[in-house]
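Colleague:
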Amino acid sequence: CLELLYILQGNHCKLLKLLICLFSSEKFEVLGPTDSIVAVAGDDIILPCYLKPNISAEDMTVDWLNLDFLDSRVFRYQNHRIIREDQILFYSGRTSLYEEELWRGNTSLKLTRVQGTDEGRYKCLIQSKSWYDDFTVQVLVKAVGSKPVVSIEGHREGGMGLLCESEGWHPEPELVWLDSKGVHLSAVKRHVIVQETDTNRLPAESNRAGSMRRWETEIHLLLTASLFLCVCSVGSKPVVPIEGHREE
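FYI, the numbering for the sequence shown is -4 to 243, going by my numbering.
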């Protein structure tokens, strides 16, 4: 940089960039958000990270790491180019920096098409020739699953076995079985045994605190007659009834 100063004397624009280069050899901090970043599966997100003071990171090494993986490299910028070796495979083609912003210390990472496996603790590590610092942020991923489908498994343990299935949730949701009075029924995850009564109304809820969506499916059973009718609905919209014959 000192040699470059001698060559560029009198050129104010390039001299300003040179002064930034000289200052970049000093100590710096790597900063970012203090709160977790919540992402929705399928969306694009930005993991903010910047230098204080706002010096250039163009000549530095910028590493983004996912600390929840043994081979943790998500992204690397070094020697003015992107290094793709040793990158976690499923991040390939989904990560980038704002390279035009590096001159003022912006080292934020853009992550596209977020998926459940992206959840974790991300470290932004920046190294110059004489100094380094890092910053860590938590990324949480949420995905809304499909509408629950309730099916009849047949006679089990003196009652009628029901199965509730819903796919695509992240994190795994809580599944609750309720009777017509809103009382929780004893169930093992997706399965419940309904004892013989005149009728039962069983909303099967798939829900998670703080989630964006909750689905509810209802099934009506008439267990004392030879012919039963099972009506599944989501909210207040009924779908095609499933009819079957009950074995005596």
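By construction, the Cβ of each residue, glycine as well, lies at the ideal position given by its N, Cα and C atoms.
Here the structure is a predicted model, which is why all the values come from computation and not from measurement.
Within the 9 Å Cβ cut-off, does D128 reach chain D?
Modeller: Here chain D cannot be found, since the structure has a single protein chain.
Colleague: Once DSSP output is grouped into helix, strand and coil, what is the label at E162?
Modeller: Coil at E162, not helix or strand.
Colleague: Looking at C-alpha atoms only, which residue of S103, R108, H75, R99 is the closest neighbour of G88?
Modeller: When each option's Cα is compared against that of G88, the closest is R108.
Colleague: Suppose you measure from the CA of S91 to the CA of V132; what does that come to, to the nearest Å?
Modeller: Answer to the nearest angstrom: the Cα atoms are 17 Å apart.
Colleague: Sort out for me which residues DSSP pairs I147 with in a bridge.
Modeller: L157, per the DSSP bridge assignment.
Colleague: For I50, does the count of other Cβ atoms within 10 angstroms reach 16, so buried, or fall short, so exposed?
Modeller: Result: buried.
Colleague: Please determine, among K124, V134, L97, the residue with the shortest C-alpha to C-alpha distance to I41.
Modeller: Checking every option, the nearest Cα to that of I41 belongs to V134.
Colleague: DSSP three-state call for Y93: helix, strand or coil?
Modeller: Of the three classes helix, strand and coil, the one that applies to Y93 here is coil, per DSSP.
Colleague: Have a look at the DSSP bridge pairing and note the partners of C44.
Modeller: None, per the DSSP bridge assignment.
Colleague: Do V69 and L46 have their C-beta atoms closer together than 9 Å?
Modeller: The answer is no: Cβ separation not under 9 Å.
Colleague: V136 and G156: beta carbons closer than 9 Å?
Modeller: Their beta carbons are not under 9 Å apart, which means V136 does not touch G156 by this criterion.
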